[in-house]
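J.: In my numbering, the protein residues as written are 52 to 135.
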Amino acid sequence: MLVEYINEALRRAEYKMINDDEPFYGEIPVLEGVWSTGKTLEECRKNLIDVLDGWIYIRLKKGLDIPKLGSFKISELKRLKVSA
Numbered sequence: 052m053l054v055e056y057i058n059e060a061l062r063r064a065e066y067k068m069i070n071d072d073e074p075f076y077g078e079i080p081v082l083e084g085v086w087s088t089g090k091t092l093e094e095c096r097k098n099l100i101d102v103l104d105g106w107i108y109i110r111l112k113k114g115l116d117i118p119k120l121g122s123f124k125i126s127e128l129k130r131l132k133v134s135a
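(1) For glycine 105, which of helix, strand or coil comes out of DSSP?
(2) Report the partner residues of lysine 67 according to the DSSP bridge assignment.
(3) If contacts are defined as beta-carbon pairs under 8 Å, then isoleucine 117 and isoleucine 107 qualify, I think. What distance do you get, rounded to the angstrom?
(4) Are the CB atoms of isoleucine 100 and leucine 53 nearer to each other than 9 Å?
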């Protein structure tokens with residue numbers, strides 16, 4: 052489910068050129084704070100995936116909501132007790 056969520060988020064990514072040493076800028080507008088830059092479009096996209104991965108982890112760790120994207124939703128996983 053995580054891979055599907057990330058793929059759906061990347062489908063919503065927007066890219067543009069900026070005047071910078073890393074001229075490719077990418078963001079996912081529906082996910083506040085998820086943006087990156089890169090020297091190439093591919094590097095920018097890879098960086099955006101890394102940022103998104105960290106963003107999801109932090110939001111889960113802090114118990115913050117992660118917006119539903121299309122039919123994809125990530126929610127907190129509860130720990131399971133395993134008895135031996």
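Glycine residues also receive a C-beta, built at the ideal position from the N, C-alpha and C atoms. Predicted model, so just to flag it, every value in this text is computed and none were measured.
T.: Quick look at the numbers:
(1) Three-state DSSP puts glycine 105 in a helix.
(2) Answer is Tyr76, bridged to lysine 67.
(3) The C-beta separation of isoleucine 117 from isoleucine 107 comes to about 6 Å, placing the pair in contact by the 8 Å criterion.
(4) Going by C-beta atoms, isoleucine 100 is not nearer than 9 Å to leucine 53.
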